[in-house]
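Residue numbers (my numbering): 18 to 246.
For each residue, glycine too, the CB sits at the ideal point set by N, CA and C.
One structure is given here, and the rest of the page talks about it.
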């Protein structure tokens, strides 16, 4: 700053001004102290400004670090979510496969159960069939035994015919007939009834044959009688 001062060196005898000399930067000594204070204040403000700028830069750096950390956390969270989704998808697939496996096992168990029931029923049927065949075989043997007794001359229409046949089976050691009579009384009664009925039918046929014998229509009479039966 330039400070222009007009210094009066005095006048002449007639009081005129002898001359003017311009003065530059002529200041009192205390101004120097003012400059020192100004310089201190300026440096102080500059330091404070630098500190504020550095603090601002530090805060911005910390904010950037926080943002980066937050971004990293978000990425980690996204990765965890994707991993969790993958785990859930894998668990769902495992669960689905387990359900399919259980369903297959249930279906297989159902099929096995049906096959088992079929085999069991088939075995029961075969057992009953075999037993029935065996009983039928024993009934046929007993029927043949009654025929053999009749062939001995015993009249099947005689009330004691069955008793005679039973005693004859025991006497001759016919174990099959004896066991059949002891173990299957109902079936033996059926055979007795059937044999008696057949004997009555045979007698009726024989009587019809004798009735029509001797005339010209013998065969026709027999056929008519059988047709009525």
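Within the region 70-127, no run of alpha helix (DSSP H) at least 4 residues long lies entirely inside it. In this structure, residue 155 places its C-beta atom within 8 Å of the C-beta atom of residue 193.
In the three-state reduction of the DSSP assignment, residue 202 falls in the helix class, which pools H, G and I. Distance between residue 124 and residue 117, taken at the CA atoms: about 10 Å. Rounded to the nearest angstrom, the Cβ distance from residue 197 to residue 188 is 16 Å, too far for a contact under 8 Å. Looking at the backbone, the Cα of residue 59 and that of residue 69 are separated by about 15 Å. When secondary structure is reduced to three states using DSSP, residue 189 falls in the coil class, being assigned neither helix nor strand. Residue state for residue 177 is assigned as coil, using DSSP reduced to three classes. By the Cβ-count criterion, residue 57 is exposed, with fewer than 16 other Cβ atoms from all chains shown falling within 10 Å of its own Cβ. Note on geometry: alpha-carbon atoms of residue 219 and residue 175 lie some 15 Å from one another.
Collapsing the DSSP output to three states places residue 218 in a helix. DSSP, reduced to helix, strand and coil, places residue 169 outside both helices and strands of the structure shown, so it counts as coil.
In this structure residue 173 does not touch residue 135 by the C-beta definition: roughly 46 Å separates them, more than the 8 Å allowed. Residue 141 and residue 127 have their C-alpha atoms some 21 Å from each other.
When the Cα atoms are used, residue 151 and residue 130 turn out to be separated by approximately 31 Å.
Of the candidates 121, 112, 162, 89, the residue whose Cα lies closest to the Cα of residue 185 is 162. With 16 or more other Cβ atoms from the protein chains shown falling within 10 Å of its own Cβ, residue 182 counts as buried.
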